[in-house]
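Visitor: If you read the sequence shown in my numbering, its first letter stands for residue 1182, the second for the next number, and so on. All C-beta atoms, glycine included, are put in the ideal place defined by N, C-alpha and C.
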Amino acid sequence: MELRVFTEPQQGATYDDLLKVALAAEELGFGAFFRSDHYLGMGTEGLPGSTDAWTTLAGLARDTTSIRLGTMMTSATFRHPGVLAIQVAQVDQMSGGRVELGIGAGWFEQEHTAYGIPFPSTKERFDRFEEQLAIITGLWGTEVGERFSHGGATWPITDSPALPKPTQAKPPILIGGLGRRRTPALAARYADEFNLPFVDEQTTKTQFDRVRAACEEIDRDPEELAWSNALVLCVGRDEAEIRRRAEAIGREVDELRENGLAGTPDEVVAKVKRFEALGSQRIYLQVLDLADLDHLRLVADQVMPAV
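#1: Under the rule that 16 or more other beta-carbon atoms within 10 Å means buried, what is H1261, buried or exposed?
#2: Beta-carbon separation of A1266 and I1317 under 8 Å?
#3: What residue from A1458, A1411, D1390 and Q1462 has the CA that sits closest to A1443's CA?
#4: Under 8 Å between the Cβ atoms of L1367 and L1320?
#5: Which value, in whole angstroms, describes the spacing of the CA atoms of G1333 and E1312?
#6: DSSP state of S1276, grouped into three classes?
#7: With V1529 and K1454 assumed to form a contact (beta carbons below 8 Å), what rounded beta-carbon distance in angstroms separates them?
#8: Is the CB-CB distance between A1427 and L1414 below 8 Å?
#9: Taking DSSP's pairing of strands, which residues face E1281 in a bridge?
#10: Could you pull the DSSP bridge partners for L1377 from this structure?
#11: Ignoring anything shorter than 4 residues, give me the alpha helix (DSSP H) runs that lie fully in the region 1459–1483, in order along the chain.
#12: Suppose you measure from the CA of T1385 to the CA of F1379; what does that come to, to the nearest Å?
#13: What's the C-alpha gap between V1449 and L1199?
#14: How do the region 1385–1405 and the region 1352–1370 stand: do at least 3 beta-carbon pairs fall below 8 Å, yes or no?
#15: State yes or no: is the C-beta of E1292 within less than 8 Å of the C-beta of Y1220?
#16: Please list, in chain order, all residues of the same chain as V1272 whose beta carbon is under 8 Å from its beta carbon, the five residues on each side excluded.
#17: Who are the near neighbours of E1290 in its chain, counting only those whose CB is closer than 8 Å to its CB and skipping five residues on each side?
#18: Alpha carbon to alpha carbon, how far is A1421 from M1254? Give it in angstroms, no decimals.
#19: With DSSP as the reference, identify every bridge partner of S1302, one or two as the case may be.
#20: Hey, could you find the ends of the alpha helix (DSSP H) V1202 is sitting in?
#21: Sort out for me which residues DSSP pairs S1341 with in a bridge.
#22: Between N1376, T1195, W1288 and R1401, which lies nearest to T1303 when the distance is taken from Cα to Cα?
#23: So E1183 packs on Q1467, CB below 8 Å; how close in whole Å?
#24: Can you tell which of L1474, E1439 and S1409 has the C-alpha that lies nearest to the C-alpha of Y1465?
#25: Please report how far the alpha carbon of D1400 lies from the alpha carbon of T1323, in whole angstroms.
#26: Need the endpoints of the beta strand (DSSP E) that R1216 sits in, please.
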């Protein structure tokens, strides 16, 4: 089981805050550093204000050396697909081929209205999301010297040189969510990894099964995908430390034990192994208190070696 660090900087974080966590995660041996892609805090002003995901990752690409970097999830409503394909390819070059693109249809209407970003209906957002996936993968997959064209409804493309190219042949694409039909179908067609955020074990089994079935419908081997979960982290050496960390993020210990990865290292290891038995290969640890680097050290020392 691979453990990755996942942050929510719209809740209040500067670039320097994120860099400290990314460097600690790299030093401690975590598999990746991911960040959300949001422009508005949730239940908070998020001072000093949200940072842009791909601007942040460009900086981290130069300020780190080995850890993989990505988004969970970039909103397809924020950027035109041609621009996003260029951004991701450039950051992948800057990192030496360490970037992954988590991408979704977008859901947080208030951040769109706060910054003048159009927020279409759910159906239209998913239509645009599907078109973005076709364009981004099409641009990356076009051979140098060839041209890419796309006759889509929202972003028709004619004779694109499809440059620049990423360092990786194709940066891995992560798709996630609980949709019963379109999400599994899009994951089966385009994803390198399928992720489930903040759900229980039964929901994980049900949705993994849907995605596997969608893969089989198009004759894709489900084993070609990586399978993962994201869960909030709250680990402590004893009850007092667990309680202190829960209070620091405004959560209740019992609720975190039920819905996240919370408790002693032994409790967390046992829960990770239950998700592993369902087919999960990676856990994204949602770290909400970015100043508490000892939290990551504890996981690296007492959880990571056991999973």
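Guide: In short, the structure shows the following:
#1: exposed
#2: yes
#3: A1411
#4: no
#5: 7 Å
#6: helix
#7: No answer is possible for residue 1529: the residues shown for the chain start at 1182 and end at 1488.
#8: no
#9: G1251
#10: N1410
#11: 1474–1483
#12: 10 Å
#13: 24 Å
#14: yes
#15: yes
#16: W1235, L1238, A1239, A1242, L1250 and V1280
#17: F1300
#18: 33 Å
#19: Per DSSP, none; premise fails for S1302.
#20: Y1196 to L1209
#21: F1329
#22: W1288
#23: With a Cβ gap of about 15 Å, E1183 and Q1467 do not count as contacting.
#24: S1409
#25: 23 Å
#26: A1213 to R1216
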